[in-house]
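Visitor:
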Ligand SMILES: [Zn+2]
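Numbering (this note's numbering), first residue to last: 24 to 358.
1) Please confirm whether any heavy atom of ligand 1 lies closer than 7 Å to the CB of residue 148.
2) Would you check if the region 122 to 132 and the region 219 to 233 touch, i.e. whether three or more CB-CB distances between them fall below 8 Å?
3) Can you give the beta carbon distance from residue 343 to residue 318, rounded, assuming they're within the 8 Å contact cut?
4) Can you tell which of 99, 122, 91 has the C-alpha that lies nearest to the C-alpha of residue 136?
5) Under DSSP, the beta strand (DSSP E) around residue 221 begins and ends at which residues?
6) Kindly provide the ranges of any beta strand (DSSP E) runs that are 3 or more residues long and lie completely inside the region 40 to 111, ordered along the chain.
7) If contacts are defined as beta-carbon pairs under 8 Å, then residue 46 and residue 61 qualify, I think. What distance do you get, rounded to the angstrom?
8) Could you work out which residue in 161, 294, 232 is closest to residue 351 when comparing CA atoms only?
9) Report the partner residues of residue 334 according to the DSSP bridge assignment.
10) Helix, strand or coil: which one does DSSP assign to residue 246?
11) With a cut-off of 8 Å, do at least 3 Cβ pairs link the region 133 to 152 to the region 168 to 175?
12) Can you look up residue 309 in the DSSP assignment and give me helix, strand or coil?
13) Please go through the region 133 to 200 and give each complete beta strand (DSSP E) segment of 3 or more residues, from N-terminal end onward.
14) Please determine whether the Cβ atom of residue 169 lies at a distance below 7 Å from any heavy atom of ligand 1.
15) Below 8 Å on the Cβ atoms is my guess for residue 177 versus residue 186; work out the distance and round it to an integer in Å.
16) Would you say residue 256 and residue 204 are within 8 Å of each other, going by their C-beta atoms?
17) For the candidate residues 216, 97, 328, whose alpha-carbon lies nearest to that of residue 282?
18) So residue 160 packs on residue 212, CB below 8 Å; how close in whole Å?
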């Protein structure tokens, strides 16, 4: 029953002992049938049967973005545990007490109603379990993509506007205390920013690429390309560079190897009726990500570099001016 027919990480092997009852369901995955097996303590059977109904829409959304569940022949399972959760491959540890959010805290998930642990640990079946990094210094590939998979689920299940709100809610948990990438070859993880800042970095990259068709096609192709493999973070970055035929090396360097966010510095100067925006990046050398600004009725793309630049942006109500930092995770400083 617990035979594993795919490669597995040692940390994904576990043993659970308890007074379990078992119930099962099936999920149609393309033309295959995926077995869903649930093991909960006997007195939780009723609540679990209702609570675990949310698994299918989660799997459906993840298959939409990342293609088929990677361990189709081994099945999908949730097993009740005394601890919060862990992405054990095709046997996810579940200890969120059958509550929404994070142990019932819904502000953690921007006021939505799904079970955070089921969603997050399920995302790891693609990002972490199927695609695993060689070194935990690169753990952003597991946690960044997995935390971003939550964002995509929210977009899939609740819509784009809710997704924007959800991903911006993740900013509360970013610390900018040290780089996301740790030290290689000495079993050293980087900052816990690998989770939420990692996710916000990917959200920013989507808007930097500015082509959703390409973005979603790339995500799915990349998940398949690296399926059931061990990779380095730099393989992921090269894949994205090659796929888009653009160079995001400096972008990743800024977000992964530096603790600080790139800071957009700007001032608005009035010349008659019109405004001129003067702007630059305070960031690592060669950081040149374009950013959207909004003048109330229109988004305008500006192309800052480390040098000050100027752009005439016409006449508008100054109170309605904003930098679209809901699309780009950056620090903003009005000079
Ligand atoms: Zn995780």
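A virtual CB, placed ideally from N, CA and C, is assigned to each residue, including glycine.
Guide: According to the data block:
1) Every heavy atom of ligand 1 is 7 Å or more from the Cβ of residue 148, so no.
2) Below 8 Å, too few C-beta pairs join the region 219 to 233 and the region 122 to 132 to call them touching: fewer than three.
3) Contact between residue 343 and residue 318 holds: their C-beta atoms lie close to 7 Å from each other, under 8 Å.
4) The shortest C-alpha separation from residue 136 is found at 122.
5) Taken as a continuous stretch (DSSP letters only), residue 221 belongs to no beta strand (DSSP E), being part of the alpha helix (DSSP H) at 216 to 232.
6) You should have 43 to 52, 55 to 64, 99 to 103.
7) With 8 Å as the limit, residue 46 and residue 61 qualify as a contact, their Cβ atoms being about 5 Å apart.
8) Taking only the C-alpha atoms, the option nearest residue 351 is 232.
9) Note: residue 334 sits in a beta bridge opposite 300.
10) In the structure shown, residue 246 adopts helical secondary structure according to DSSP, grouped into three states.
11) Here the region 133 to 152 makes contact with the region 168 to 175; the two share three or more CB pairs at distances below 8 Å.
12) DSSP places residue 309 in coil when its eight states are reduced to three.
13) As for any beta strand (DSSP E) of minimum length 3 sitting wholly inside the region 133 to 200, the runs are 154 to 156, ordered along the chain.
14) Taking 7 Å as the cut-off, the C-beta of residue 169 counts as close to a heavy atom of ligand 1.
15) With a contact defined as Cβ atoms closer than 8 Å, residue 177 and residue 186 qualify at about 5 Å.
16) In this structure, residue 204 lies closer than 8 Å to residue 256 by Cβ.
17) Nearest C-alpha to residue 282: 216.
18) A Cβ-Cβ separation of about 7 Å places residue 160 in contact with residue 212 under the 8 Å criterion.
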